[in-house]
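Asks:
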Amino acid sequence: MTANLDAVIIGAGFAGMYMLHRLRGKGFSARVIEAGKGVGGTWYWNRYPGARCDVESVQYSYQFSPELEQEWEWTERYATQPEILKYANHVADRYDLRRDIQFETRVTRAEFVETNNSWVVETDKGQRIVARFVITAMGCLSSPNTPKIPGLADFAGPTYHTGNWPHEGVDFTGKTVGVIGTGSSAIQSIPIIAQQARHLTVFQRTANYTIPAHNRPLDPDHVREVKANYREMRKRAKTLPAGIDLRINNVSAIETPEEERRRQYQERWDYGGLGFMASFNDLLLNDESNETAAEFVREKVREIVKDPRTAEILTPTNIIGCKRLCVDSGYWETFNRPNVTLVDIRDEPIERITPTGARARGQDYTFDCLVLATGFDAMTGALLKVDIRGRGGISLQETWSEGPKTYLGLTVVGFPNLFTITGPGSPSVLTNMLPSIEQHVDWIAECMEALRTKGVAVIEPEPEAQEAWNVHVGSVANITLRSTCSSWYVGANIPGKPRVFMPYIGGLPAYIERCEAVVAGGYEGFSLT
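Just so we're aligned, residue 25 is where the sequence shown starts under the numbering used here, counting upward by one.
Here it is, written out as structure tokens:
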């Protein structure tokens, strides 16, 4: 058993790295435990073809250091996975973080010991580490979901998952490939795979909305302008719901004349990216307004995809923005290629995977390689893979058996001195993750410093405060259209997972205000002992 630490941090992605940096700066001893061979978290594992961020690169970056902002040079409007991983490594080197990161190690268990108010953390290397605090930084989308399709283990060729891609890369040149899934990772990877493969077969359960990225190299003049005004841009972003500096058209879609409405949509489409949903202020509040945006995108599918039957299958029918809106580079155009086949499995799921391919809709499809673009067990998957046990030995798995409950997405009743960075009940995946991560890390670091100053050994949320927060998270979600469909936001992609809308939809500014009010109230809603 190792000597005591102030904190064990699980995960060396952007959250874990910044948490380590902040705790060091406050004189706390900390160690990061990381399963991979390097830093980067999501961007270490997700190396599939075409992987890139859907937030513009100049905003998808740390903001705690003006020097770091000025010295780093992004090359594209939407950074690729290799470039983001390069950035993560630059940060790790710049702040000498690796000396306190233990790589190629998984935390298997963490148990709170009430007799001395400490955590005992166990790893797959047989270690037992004692720490006063445990801080999870495992990411919201880091536990790959492998579907339970009959015969999956029988496939004779290589099987790849977009969330755990081979680091040496995969060359599909001359190969026939099957892709299951049409979510974000599929929408990014399918155009690249289609360019390489001899033939690509795509199995689609749900057609998704996607907006063109119009990605391009960054104009040096634009970069200079951003760097000259970074502080102002960051400040504006923190006043907006998603923590992204973009222009919100603060009028109703349904109350806007059709010609002007279409002009707004076209302008946003031509600019590209997630800002399309800011065309009007009620797209996620009013069914009629939402339908105007949805139908605009459906028309684009019909314009782009030449075969009417294929276009019909690719046309989404649900609420736009209810599931994660995607950003693409040539996705729908890919289905005009003669070497691409689309199979609709919405009403008839894949019957089974065969040694040579898949059987669906009574037909056999053959391919050399299989790609599972089937997403993640979001928000809770990574947390529940670790056997986390709080007071009385109760497990987090048991505590969350009916769905996750937290206080502020940061803490859980019955689990003292445990912090969850961007946990369920926080804005996290509905925002620009970097500022959300920084806000959480700063809150945790300052909380730990305040506890040290006060001589407090243990912090734990009070049941009434946690329940009130969860009621608030649920009630805010129910106001919007996001909670009306079967998305991974509610765990619908995982069989047997409780249906709970997990992220906080109230927006980053309201959330920050609430966190600050809790601190101003002497850590209101927490028991300090």
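Where is the CB? At the ideal position from N, CA and C, for every residue including glycine.
Quantities reported herein were computed from a predicted structural model and do not represent experimental measurements.
#1: Go ahead and pull the three-state DSSP assignment for ALA318.
#2: Report all residues from its chain with a CB closer than 7 Å to the CB of CYS164; omit the five preceding and five following residues, and keep chain order.
#3: Can you tell which of GLY62, GLU138, PHE227 has the C-alpha that lies nearest to the C-alpha of TYR389?
#4: Is the distance from the Cβ of ILE173 to the Cβ of ILE374 below 8 Å?
#5: For ALA384 and ILE217, I'd like the C-alpha separation in whole angstroms.
#6: Classify ALA116 as helix, strand or coil using the three-state DSSP reduction.
#7: Roughly how many whole angstroms lie between the Cα atoms of VAL364 and ARG326?
#8: Distance, Cα to Cα, PRO379 vs GLY202?
#9: DSSP three-state label for ALA134, please.
#10: According to DSSP, LEU505 sits in a beta bridge with which residue or residues?
#11: Could you tell me the alpha carbon to alpha carbon distance between LEU44 and GLU319, rounded to whole angstroms?
#12: Are PRO168 and ASN188 closer than 8 Å when you measure CB to CB?
#13: Under the rule that 16 or more other beta-carbon atoms within 10 Å means buried, what is ASN232, buried or exposed?
#14: Using a threshold of 8 Å, state whether the C-beta atoms of THR200 and ALA221 are closer than that.
#15: Which first and last residues belong to the beta strand (DSSP E) in which THR147 is found?
#16: Counting pairs of beta carbons, one from the region 420-434 and one from the region 484-495, are three or more of them closer than 8 Å?
#17: Look up ARG348 in the DSSP assignment and say whether it is helix, strand or coil.
#18: Measure from the alpha carbon of TYR355 to the alpha carbon of each residue in GLU283, GLY193, SER213, then state which is nearest.
#19: Under 8 Å, with one C-beta from each stretch per pair, do the region 46-55 and the region 240-256 reach the 3-pair mark?
#20: Any idea if LYS259 is buried or exposed, counting beta-carbon neighbours within 10 angstroms, 16 or more meaning buried?
#21: Measure the alpha-carbon distance for ASP306 versus SER276 and round it to whole angstroms.
#22: Below 8 Å between beta carbons: does that hold for THR132 and THR147?
#23: Between the region 463-475 and the region 279-292, can you find at least three pairs of beta-carbon atoms closer than 8 Å?
#24: Which residue or residues does DSSP assign as beta-bridge partners of GLU100?
#25: Do you know how far the Cα of GLY37 is from the Cα of VAL63?
#26: ASP117: buried (16+ other C-beta within 10 angstroms of its C-beta) or exposed?
#27: Can you check whether the CB of THR234 is closer than 8 Å to the CB of VAL367?
#28: I believe GLY530 touches TRP493 by the beta-carbon criterion, under 8 Å. Please report the beta-carbon distance rounded to the nearest angstrom.
#29: Identify the continuous beta strand (DSSP E) that holds THR390 and give its terminal residues.
#30: Tell me which same chain residues have a C-beta within less than 7 Å of the C-beta of GLY427, skipping the five on either side of it?
#31: So who's on the other strand from THR365, going by DSSP bridges?
#32: According to DSSP, is CYS393 helix, strand or coil?
#33: Grab me the residues of ARG415's own chain with a C-beta within less than 8 Å of its C-beta, minus the 5 sequence neighbours each way, in chain order.
#34: For ALA210, which of helix, strand or coil comes out of DSSP?
#35: Sorted by chain position, which residues of the same chain lie with C-beta nearer than 7 Å to ALA501's C-beta, five sequence neighbours on each side aside?
#36: Across which residues does DSSP place ILE159 in a beta bridge pair?
Replies: In terms of the structure at hand:
#1: In the structure shown, the three-state DSSP call for ALA318 is helix.
#2: ALA402, MET403, THR446, SER452, VAL453.
#3: Just measuring C-alpha positions, the residue of GLY62, GLU138, PHE227 sitting nearest TYR389 is PHE227.
#4: Yes, the pair counts as a contact, with Cβ atoms nearer than the cut-off.
#5: Those two C-alpha atoms are separated by around 21 Å.
#6: Residue state, collapsed to three classes: helix.
#7: Approximately 17 Å between the Cα atoms of the pair.
#8: One C-alpha to the other measures close to 13 Å.
#9: Residue state, collapsed to three classes: strand.
#10: Under DSSP, LEU505 shares a beta bridge with no residue.
#11: Roughly 46 Å separates the two Cα atoms.
#12: In this structure, ASN188 lies closer than 8 Å to PRO168 by Cβ.
#13: It is buried - the Cβ of ASN232 has at least 16 other Cβ atoms within 10 Å.
#14: It is a contact, given that the beta carbons lie within the stated cut-off.
#15: Boundaries of the beta strand (DSSP E) around THR147: 142-147.
#16: Judged by pairs of C-beta atoms under 8 Å, the region 420-434 touches the region 484-495, as three or more such pairs exist.
#17: DSSP places ARG348 outside both helix and strand once states are collapsed to three, so it counts as coil.
#18: The residue with the shortest Cα to Cα distance from TYR355 is SER213.
#19: The region 46-55 makes no contact with the region 240-256, as fewer than three CB pairs between them are under 8 Å.
#20: The residue in question, LYS259, is exposed, as its Cβ has fewer than 16 Cβ neighbours within 10 Å.
#21: Computed Cα separation, rounded: 6 Å.
#22: Result yes, Cβ atoms of THR132 and THR147 sit closer than 8 Å.
#23: The region 279-292 makes no contact with the region 463-475, as fewer than three CB pairs between them are under 8 Å.
#24: In the DSSP output, where bridge partners are listed per residue, GLU100 has PRO241.
#25: Rounded to the nearest angstrom, the two C-alpha atoms are 6 Å apart.
#26: Counting Cβ neighbours within 10 Å, ASP117 comes out exposed, since fewer than 16 surround it.
#27: No; because the gap between Cβ atoms is not below 8 Å, this pair is not in contact.
#28: With 8 Å as the limit, GLY530 and TRP493 do not qualify as a contact, their Cβ atoms being about 11 Å apart.
#29: From DSSP, the beta strand (DSSP E) with THR390 extends over 387-390.
#30: Same-chain partners within the cutoff: PRO522, VAL524.
#31: DSSP, once it has assigned bridges, lists THR225 as partnering THR365.
#32: In this structure, CYS393 counts as strand in the three-state DSSP scheme.
#33: Taking ARG415 as the centre and dropping the five residues before and after it, the same chain places the C-beta of PHE136, GLU138, GLY438, PHE439, PRO440 closer than 8 Å to its C-beta, in chain order.
#34: The answer is helix: DSSP assigns ALA210 an H, G or I state.
#35: Answer for ALA501: SER507, PHE525, ILE529, listed in chain order.
#36: Residue pairing for ILE159: DSSP places it in a beta bridge opposite ILE33, PHE443.
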